[in-house]
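Input: a single structure, listed below in structure tokens.
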Amino acid sequence: MKKFLALILGMTMMMSALSGCGQKAAAAAVSTDGSTSMEEVINILGEAFVENNKDVKFTYNPTGSGSGITAVKEGRCDIGLSSRALSEEEKSDGLKGTVLAYDGIAVIVNPENPVTDLTVEQIAKIYTGEITNWKDVGGDDKEIVLIGREAGSGTRDGFESITETKNSCKYRQELTSTGDVITTVSQNPNAVGYASLSAVKDNVKVLMVNGVAPSEDTVKDGSYKVQRPFVLVTMEGKELSKTAQEFFDYITSSKVNDLISSAGVVSAN
Numbered sequence: 310m311k312k313f314l315a316l317i318l319g320m321t322m323m324m325s326a327l328s329g330c331g332q333k334a335a336a337a338a339v340s341t342d343g344s345t346s347m348e349e350v351i352n353i354l355g356e357a358f359v360e361n362n363k364d365v366k367f368t369y370n371p372t373g374s375g376s377g378i379t380a381v382k383e384g385r386c387d388i389g390l391s392s393r394a395l396s397e398e399e400k401s402d403g404l405k406g407t408v409l410a411y412d413g414i415a416v417i418v419n420p421e422n423p424v425t426d427l428t429v430e431q432i433a434k435i436y437t438g439e440i441t442n443w444k445d446v447g448g449d450d451k452e453i454v455l456i457g458r459e460a461g462s463g464t465r466d467g468f469e470s471i472t473e474t475k476n477s478c479k480y481r482q483e484l485t486s487t488g489d490v491i492t493t494v495s496q497n498p499n500a501v502g503y504a505s506l507s508a509v510k511d512n513v514k515v516l517m518v519n520g521v522a523p524s525e526d527t528v529k530d531g532s533y534k535v536q537r538p539f540v541l542v543t544m545e546g547k548e549l550s551k552t553a554q555e556f557f558d559y560i561t562s563s564k565v566n567d568l569i570s571s572a573g574v575v576s577a578n
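With my numbering, the residue at position 187 of the sequence shown is 496, and numbering never jumps.
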């Protein structure tokens, strides 16, 4: 009988230990979900946090701003990532937005395109179909091919809000990621698109807007007009896990300003 009780006690202690380990593993994790434009900056910050907290698992799911916001509402991630400000409706649903950084939205063309500068007004007319040929803005006599992001994209929302073209753009293609937009424009001499400045590579040409080239300095001083916020999304009144809160506090502190700058965006802190 004593042996039997000892066995039961041993099994109970083992199950409790395993349960405790499971709880610890769950607590030592941070999950983020949302904007594809924020991929570089959030991964840099995530890697730095894990470097200082070896037992933490950090994950990023690049689903787009709208999906990231929904994931927070449904409790499927700790922190959502949005490359646009929250709407009043989203705020009324209990969502809270904290600006992490500011990002320039680059207007990009194929490197073969001779156009170097457009005004915000010209960009709006191009995307709404009022200007359809590159010759009308100083380019070759070629039809303009409009490339953009899918509905729900934070980059699209930011671009259309700034250029006042919301629900009026005549896209030839609507793509689901920043990388797809850049690749498509790089392969079409007549294409124009927009993408997060931090994601742009040498395979496309970045245009000046109103005579100002996008850069960290021109985004910071506001002289480059096509810019938007990178937002961390949480639920108002709902506490994050201890680990997620530590991560949130870390990435919104001034100590990561250099890391944020290395991703090509401007820290809000």
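Glycine included, each C-beta is placed from N, C-alpha and C at the ideal position.
In the DSSP assignment, find the unbroken beta strand (DSSP E) run with residue i in it and report its ends.
i	result
Thr428	Run containing Thr428: none; DSSP gives neither H nor E here.
Gln482	482-484
Asp342	338-343
Compute the beta-carbon to beta-carbon distance between residue i and residue j, rounded to the nearest angstrom, for a pair I have assumed lies under 8 Å.
i	j	result
Val535	Ile414	5 Å
Ala577	Leu409	6 Å
Val518	Ile456	Not confirmed; about 17 Å, so no contact.
Leu568	Leu404	Between Leu404 and Leu568 the Cβ distance is about 26 Å, and since that is not below 8 Å, they are no contact.
Cys386	Ser340	4 Å
Tyr436	Thr487	The Cβ separation is near 17 Å, so there is no contact.
Glu349	Pro371	With a Cβ gap of about 11 Å, Glu349 and Pro371 do not count as contacting.
Asn499	Val446	Asn499 to Val446, Cβ: 13 Å. No contact.
Ala268	Thr552	Nothing about residue 268 can be reported from this structure: the residues present for the chain run from 310 to 578 only.
Could you pull the start and end residues of the alpha helix (DSSP H) that residue i belongs to?
i	result
Lys529	525-529
Val408	Segment 404-418 is the beta strand (DSSP E) holding Val408; no alpha helix (DSSP H) there.
Asn566	566-571
Gln554	551-560
Ser401	397-401
For residue i, which residues of its own chain have a beta-carbon under 7 Å away from its beta-carbon, when the five flanking residues on both sides are left out?
i	result
Glu389	A small correction: the amino acid at residue 389 is Gly; Glu does not occupy that position in the sequence shown. Cβ neighbours of Gly389 beyond the five flanking positions: Asp342, Gly343, Gly377, Ile378, Ala380, Val381, Val542.
Ile351	Thr341, Tyr369, Leu390
Val359	Val365, Phe367
Phe313	In this predicted model, Phe313 has a pLDDT of only 46, less than 50, meaning its place in the structure is not dependable enough to derive any value.
Asn497	Asn419, Val454
Give me, in chain order, the residues of the same chain whose beta-carbon lies closer than 6 Å to that of residue i; leave out the 5 immediate sequence neighbours on both sides.
i	result
Tyr533	Gly413, Val521, Pro523, Thr527
Ser563	Asn578
Asn566	Ser576
Asn512	Ser495
Ser477	Thr437
Gly463	Ser344, Ser374, Ser391, Ser392, Arg393
Tyr559	Phe358
Counting only the same chain and skipping the five closest in sequence on each side, list residues whose C-beta sits under 8 Å from that of residue i.
i	result
Leu484	Ile456, Gly457, Arg458, Glu459, Val490, Thr493
Leu549	Asp387, Ile388, Thr543, Phe557
Leu516	Ala415, Val416, Ile417, Val418, Val424, Thr425, Asp426, Leu427
Glu525	Ser570, Gly573, Val574, Val575
Leu318	At Leu318 the pLDDT is 45, less than 50, meaning the model places this residue with poor confidence; the figure from the coordinates comes in the next sentence. Within the same chain, Leu318 has no close Cβ partners at all.
Phe461	A quick correction: the sequence has Gly, not Phe, at residue 461. So the qualifying residues of the chain are Gly373, Ser374, Gly375, Ser376.
Cβ pair count under 8 Å reaching 3, the region 502-517 against the region 565-577: yes
The region 442-451 / the region 362-370 touching (three or more Cβ pairs under 8 Å): no
The region 399-416 contacting the region 436-448, beta-carbon criterion three pairs below 8 Å: no
Cβ contact (3+ pairs, closer than 8 Å) linking the region 423-430 and the region 374-383: no
Segments of 4+ residues assigned as alpha helix (DSSP H) that fall wholly inside the region 351-391: 374-382
Any alpha helix (DSSP H) of 4 or more consecutive residues that is wholly inside the region 457-537: 463-472, 487-495, 525-529
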